[in-house]
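Visitor:
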Amino acid sequence: WHSIFLTVNSLENTTTVSCASIPIKKTLLIKPQAGTENNVPQPFKYGGNLTDENLETADAAWKGYGLDPIIGLVALHEDYVEAKQLPPAKKWPSDDKKEIYYLNSFHTLHCAHLIRRELKNAYAGTPPKADQAHIMHCINAIQEEIMCNAEDTPRYTAKINAEKEVAGEAASGNGQYRMCTNWNQLVKWANEHSACYSYVNRTDPDFPLREWYRFCPDGSKPWIRVE
């Protein structure tokens, strides 16, 4: 499984921009408009394919639609960046009027993938692939997301509702609905603004950097216009 940590680090080799004139902590917090709304009812649930004891089933589920963290690597036009008052970022190799950003939810998703992988390794007695600092960073990132969003749905307790017929101790909130942001809409928006990145030929030191950004999900080839 590829590492977004390496992906982000690899961007250091792209064209740089100066951030000196725009202190990040002073940029206005204008939320980018991905067309998402908090209008999708979803239940708290236990079990399912993502947590199946059969690891082949679970692994396949984690490769399902919208669960690839690389989807969140997007190229945003400089006009959009200015309008949203985002801090400047690396230039996209296929269009120098666009800059590369990583949508926050997909960074957290990357962390979930990484922690899951390392837990599997630990239970299998396999040495970890990620270093301790990266794992701890991901745990901290998830903790920060929890506190930033401060989701306050009161989850029921006791062996009632969906828990009534479930063996074992009661799990809070099982089957209870709360409102969620439309994830599929975010995936759609990310694909429409994709940086076209793919984790390929990482062992070849001579592989051109720009070739990593030539895998657009819609099959388009924006680099043809700038070459």
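Here the sequence shown is numbered in this note's numbering, starting from 82 and rising by one per residue. Think of the CB as a built atom: it goes at the ideal place given N, C-alpha and C, for glycine as much as any other residue.
#1: Output needed for residue 265: all residues of its chain with C-beta closer than 7 Å, excluding positions within five of it in sequence on either side, in chain order.
#2: Under the three-state reduction of DSSP, which class applies to residue 155: helix, strand or coil?
#3: The beta strand (DSSP E) that contains residue 173, what's its start and end?
#4: For residue 239, which residues from the same chain have a beta carbon less than 6 Å from its beta carbon, with the 5 sequence-adjacent residues on both sides left out?
#5: With distances taken between CB atoms, is the gap from residue 246 to residue 255 smaller than 7 Å?
#6: Check whether the Cβ atoms of residue 223 and residue 192 lie closer than 7 Å to each other.
#7: Could you tell me which of 283, 220, 302, 163 sits nearest to residue 275, measuring between CA atoms?
#8: Leaving out the 5 sequence neighbours to the left and right, which residues in its chain are closer than 8 Å to residue 216 when beta-carbon positions are compared?
#9: For residue 152, which option in 168, 184, 230, 281 has the closest C-alpha, if you only look at C-alpha atoms?
Guide: Taking the geometry as given:
#1: Hits under 7 Å: 147.
#2: Of the three classes helix, strand and coil, the one that applies to residue 155 here is strand, per DSSP.
#3: Unbroken beta strand (DSSP E) run through residue 173: 171–173.
#4: Excluding sequence neighbours, residue 239 sits near 251.
#5: No, the Cβ-Cβ distance between residue 246 and residue 255 is not below 7 Å.
#6: Their beta carbons are under 7 Å apart, which means residue 223 touches residue 192 by this criterion.
#7: Checking every option, the nearest Cα to that of residue 275 belongs to 302.
#8: Correct list, in chain order: 195, 196, 199, 209.
#9: Closest in alpha carbon position to residue 152, among 168, 184, 230, 281, is 184.
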